[in-house]
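Some notes on the structure that comes next.
Numbering (my numbering), first residue to last: 45 to 288.
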């Protein structure tokens with residue numbers, strides 16, 4: 045009985061780790077080869093179209109691909125796009141050089157919201173390993189539950205152990221559903237109105253230009269609630285590119 049259960053667990057773990065690995069199809073690899081070739085030939089617009097299609101359809105990308113996309117966007121003076129791809133690169137591959145690049149680009153074009161602190165570096169590291177931590181906690185939960193199942197057949201499980209298990213499973217649920225360090229977004233276009241309330245008839249506070257990064261603190265209908273110069277403000281959702 046015990047051997048058959050252990051065999052069953054091995055099968056579960058095998059399929060769990062197999063499903064956790066990324067899959068790459070031949071079509072995707074071929075598209076990347078075409079895009080890289082166009083980039084090397086300095087056909088940047090065509091290369092960007094291929095890269096964006098790969099990213100949109102497959103959500104698969106390499107750090108090098110993101111840097112190329114940011115380079116093209118900067119050359120097109122699309123600073124929202126450039127900052128977005130640099131941020132996406134940094135969120136997956138924290139790198140001081142990319143931080144300096146974003147700060148230099150922000151200073152050169154008078155963009156705000158790109159001041160980085162130790163807390164933001166921690167958030168980046170946490171987001172990078174979020175799924176790995178979750179996988180580890182889930183595997184440990186399966187092991188503990190299985191151990192408890194077999195143990196209770198021979199020896200009663202203590203109340204303290206049960207209570208600890210409940211707290212652990214509760215923490216996993218909290219980790220999945222509620223643990224959040226907040227969202228940020230980049231303004232898509234120039235001359236975007238910043239309003240005092242989620243209404244077109246509200247008081248106009250300022251005009252924001254593309255590339256500036258804001259903290260998103262909530263949403264209501266077609267509006268995002270944002271932090272604008274230490275006060276609550278609202279911008280239409282269509283004018284903000286939400287960062288991952």
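The C-beta atom is built at its ideal place from N, Cα and C for all residues, glycine as well.
Please read all numbers here as calculations on a predicted model, not as lab measurements.
Query: Between the segment 252-263 and the segment 226-234, do at least 3 Cβ pairs fall closer than 8 Å?; Result: yes
Query: Quick one: which unbroken beta strand (DSSP E) runs of 3-plus residues sit fully inside the segment 165-204? Chain order, please.; Result: none
Query: Helix, strand or coil for residue 236? Go by DSSP, reduced to three states.; Result: strand
Query: Any contact of the segment 230-242 with the segment 263-281, i.e. 3+ C-beta pairs under 8 Å?; Result: yes
Query: Tell me, please, which residues DSSP counts as bridged to residue 227.; Result: 260
Query: Report the residue from 249, 255, 284 whose alpha carbon sits nearest the alpha carbon of residue 272.; Result: 249
Query: Spatial neighbours of residue 67 within its chain, please: C-beta separation below 8 Å, excluding the five flanking residues on both sides.; Result: Legend: pLDDT at residue 67 = 45, less than 50; position of this residue unreliable, value from coordinates given subsequently. Hits under 8 Å: none found.
Query: Out of 184, 167, 194, which has the shortest C-alpha to C-alpha gap to residue 288?; Result: 167
Query: Looking at residue 150: is its Cβ nearer than 9 Å to the Cβ of residue 133?; Result: no
Query: Ignoring anything shorter than 3 residues or poking outside the segment 260-288, list the beta strand (DSSP E) runs there in chain order.; Result: 267-272, 275-280, 284-286
Query: Between residue 83 and residue 117, which are expected to be in contact by the criterion C-beta below 8 Å, what is the C-beta distance as a whole number of angstroms?; Result: Not really, about 13 Å apart at Cβ, beyond 8 Å.
Query: Tell whether a beta-carbon distance below 9 Å holds between residue 256 and residue 178.; Result: no
Query: Along the chain, where does the beta strand (DSSP E) containing residue 249 start, and where does it finish?; Result: 248-252
Query: Please classify residue 343: is it buried, with 16 or more other beta-carbons within 10 angstroms of its beta-carbon, or exposed?; Result: Here the chain covers residues 45 to 288 and nothing more, so residue 343 does not appear.
Query: Using a Cβ-based criterion (distance less than 8 Å to any ligand heavy atom), does residue 77 qualify as near the ligand PLP?; Result: Only the bare structure without any ligand can be found here, which leaves the ligand PLP out of the picture.
Query: Taking residue 184 as the reference, which of 125, 209, 265 has the closest Cα?; Result: 209
Query: For residue 124, which residues in the same chain have their Cβ closer than 7 Å to its Cβ, ignoring the five residues on either side in sequence?; Result: 230, 231, 232, 254, 255, 285
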